[in-house]
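Contents: one structure, followed by commentary.
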Amino acid sequence: MKHPFLDLAAADAPLAGELAAAMTRVIRSGRYVGGEEVAAFEQALAQSCGAAHAVGVANGLDALRLILRGWIIQGKMMHGDEVIVPANTYVASVLAILDAGLRPVLAEPSWETMNLDTERLDQYLSERTRAVMTVHLYGRSCFDAALKRFAADNSLLIIEDNAQAIGATAPETGFGGSNCTGALGHAAAFSFYPTKNIGAIGDAGAVTTGDAELAAIVRALANYGSDRRYHNIYIGQNSRLDPVQAAVLNVKMRLLEAETARRRELARIYSGTITHKDILLPQHSANGGDVWHQYVVRTPRRDALQQHLAAAGIGTDIHYAVPPHRQPALEAMFADNAYPITERIAAQCLSLPIGGNTTVEAAAEIAAAVNAWCD
Ligand SMILES: *Cc1c(COP(=O)(O)O)cnc(C)c1O
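Under numbering that gives the first Met the number 0, think of the first position of the sequence shown as 0, with each following residue one higher.
Here is the structure:
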């Protein structure tokens, strides 16, 4: 492949020396769990999005689960309560809800934004609805006046799945007074899986929230449920952020603005150059706040476009070909409902290269190859 979809080694090559030095600092410190790198990262993350508290955890799925478990401990919801979540999300969003003993209620997205259709959430309400999980899919924020009103009118909590949108901004100010994703709802989950906009050299995640009590509960839950040594107040788990990963993330967090600017530039090139009549381009948010975790085009002949690009030496990917309600582990649970918009997105979506190894020159070539598709 002349233009691989994502080449993490190539993307990280310019940072290799700095990352090695950061990991060496951890080895020299002898602090292999917790410690300064973790604390520094939590502080940097909270500051970057304007959240009051950040807690490093092992991965993004745990970040989501721990927030929901924390709300149950706080008495804000109980087992069997419902959480509205978009049907076209990565499976982890749904797994987190199930794992916490809650019921996911899948909501059809807007075809235009591919995010929750915030004007049409009433149909998913029941007596047991306690929260909305808004997923900022592909790096586009999903938090607006309609969602805020829906949550306020129905006394719902908002949990952000911010795995894909670190650094994005919404058109509305969140409950924490900032308009950055991660500080919009009552709590947010981050993933630093290697392919995300800020990626670790392995698994990592974090929770942000304005609620000091929730932050303390999540921190305890992720550390065997202990609030101090050998004192377990919850039935916890081990989901701490590894200090080696924190050291890597401290290097990468300093590059967040540059990484976001780079992705915005590539998206601008794609959107300004691709003119194929059979291809639908992704919408840009009016406030310019998108961080383009993925650049997702749609066409009814998606597989043919993917093959055309592969023949031209261009790697692409599909996010996601099989939505959660079609997964073997989950399909029986959702068999009574239809999600036609979600299915149409799954059938038509194709992600063009936009990761760390993709250059401006490559994006121009890729856009030209897309335009040359004769279907
Ligand atoms: C990556 C991702 C997750 C899960 O994060 P992990 O760190 O891989 O556990 C959750 N939700 C969405 C939308 C994601 O993209």
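Quick reminder that beta carbons are idealized off the backbone N, C-alpha and C, glycines included.
Note that the coordinates shown come from a computational prediction; the quantities given were computed from them, not determined experimentally.
Residues near residue i by beta carbon distance below 8 Å, same chain, minus five either side
i: F149; result: T117, L120, D121, V131, L155
i: G224; result: N231, I232, Y233, I234, G235, Q236
Residues near residue i in its chain [Cβ-Cβ closer than 7 Å; skip 5 each side]
i: I72; result: I216, Y233
i: R218; result: V54
i: S350; result: Q293, Y294, V295, T315, D316, I317, H318
i: A366; result: I268, Y269, T272, I273
i: N286; result: T168, P170
i: L220; result: L65, R68, G69, Y233, G235, Q236
i: A145; result: T117, E118
i: A43; result: N249, M252
Secondary structure of residue i, DSSP reduced to three states
i: E171; result: coil
i: A205; result: strand
i: Y89; result: coil
i: T358; result: coil
i: S28; result: helix
i: E111; result: coil
i: T128; result: strand
i: F191; result: coil
i: L351; result: strand
i: E41; result: helix
i: A371; result: coil
i: P13; result: helix
i: L308; result: helix
Contact set for residue i: own chain, Cβ-Cβ below 6 Å, skip 5 residues either direction
i: A182; result: C48, G49, A50, G173, G175
i: A91; result: L60
i: I200; result: V247
i: A187; result: E159, N161, G181, T207
i: R127; result: D80, E81
Residue i beta carbon near ligand 1 (any heavy atom closer than 7 Å)
i: Q293; result: no
i: T88; result: yes
i: S238; result: no
i: D316; result: no
i: A211; result: no
i: E59; result: Rather than Glu, the amino acid found at residue 59 in this sequence is Gly. At least one heavy atom of ligand 1 is nearer than 7 Å to the Cβ of G59, so yes.
i: G204; result: yes
i: C244; result: Sequence check: residue 244 is Gln here, not Cys. It does not: the Cβ of Q244 is nowhere closer than 7 Å to a heavy atom of ligand 1.
i: A362; result: no
i: S190; result: yes
i: S92; result: yes
i: D425; result: Residue 425 lies beyond the stretch modelled for the chain, which goes from 0 to 374, so this question has no answer here.
i: Q163; result: yes
i: V134; result: yes
Test: residue i CB closer than 8 Å to a CB of chain C
i: I278; result: Of the chains in the structure shown, none is chain C; there is only one protein chain.
Cβ-heavy atom distance, residue i to ligand 2, below 7 Å
i: A86; result: Ligand 2 is absent from the structure shown, which contains only ligand 1.
- Item | the stretch 234-242 in contact with the stretch 279-286 per 3-pair CB rule at 8 Å | Counting Cβ pairs under 8 Å, fewer than three are found: no touch.
- Message: So within the stretch 199-249, which uninterrupted beta strand (DSSP E) runs reach at least 3 residues, ignoring any that extend past its ends?
- Response: As summarised for the stretch 199-249, the continuous beta strand (DSSP E) elements at least 3 residues long and confined to that stretch are 204-208, 225-227, given in chain order.
- Query: How about the stretch 78-88 and the stretch 132-147: do they share at least three Cβ pairs that are nearer than 8 Å?
  - Reply: Enough Cβ pairs lie closer than 8 Å, so yes.
- Message: In chain order, what are the residue ranges of uninterrupted beta strand (DSSP E) at least 3 long that sit wholly in the stretch 252-295?
- Response: The stretch 252-295 contains no whole beta strand (DSSP E) run of 3 or more residues.
- Query: Is the number of C-beta pairs between the stretch 251-267 and the stretch 26-37 that are closer than 8 Å three or more?
  - Reply: At 8 Å Cβ cutoff, the stretches do not touch.
- Query: Where are the alpha helix (DSSP H) runs, 4 residues long or more, that stay fully inside the stretch 49-79, in chain order?
  - Reply: Whole alpha helix (DSSP H) segments, 4+ residues: 59-72.
- For the stretch 131-163, which segments carrying the alpha helix (DSSP H) assignment without a break, of at least 4 residues, lie completely within its bounds, in sequence order? If we require 4 residues or more, the alpha helix (DSSP H) runs fully inside the stretch 131-163 come out as 144-152.
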